[in-house]
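Undergrad: Sequential numbering of the sequence shown, starting at 6, is according to my numbering. Ideal Cβ positions, reconstructed from N, Cα and C, are used throughout, including at glycine.
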Amino acid sequence: MIKVYQLTPEQAEQLRGVQYVTDMTFNPIQDANGTWIISKEEVSSTTIDWVKELPTIEYVPKQFDYFD
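So this is what it looks like as structure tokens:
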């Protein structure tokens with residue numbers, strides 16, 4: 006089970022492209038349920054306090070069928 010951090014759509018937009026360490030920027034993505042998320046690596050490396058307080062959820066990857 007992979008844990009990730011849940012964002013609201015507004016939080017995802019606010020963080021997108023923001024640098025959290027040198028040469029690394031936040032890249033929120035949506036999981037299979039349409040929930041905006043960021044990785045534990047992004048959270049553990051940031052100095053933004055509210056990001057460190059985000060709730061964790063289980064990652065649900067999107068499934069793609071490349072043969073349809």
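1. Does DSSP classify Q24 as helix, strand or coil?
2. Are W41 and Q68 close, meaning C-beta to C-beta below 9 Å?
3. Which one or two residues does DSSP pair with I62 in a beta bridge?
4. So the candidates are G22, E63, A17; which of them puts its Cα closest to the Cα of W55?
5. Out of T30, Y64, I62, point me to the one whose CA is closest to T51's CA.
TA: Taking the definition as stated:
1. For the purposes of this step, residue 24 is identified with residue 19 of the sequence shown, where counting begins at 1. Strand, per DSSP.
2. Position 36 of the sequence shown, counted from the first residue, corresponds to residue 41. Position 63 of the sequence shown, counted from the first residue, corresponds to residue 68. If you check the CB distance, W41 and Q68 do not come in under 9 Å.
3. Here residue 62 is taken as the residue at index 57 of the sequence shown, counted from 1. Answer by DSSP bridge pairing, in chain order: V9.
4. What you label residue 55 is simply residue 50 of the sequence shown in a count that begins at 1. The closest CA to that of W55, considering only G22, E63, A17, is found on A17.
5. Position 46 of the sequence shown holds residue 51. Out of T30, Y64, I62, T30 has the C-alpha closest to the C-alpha of T51.
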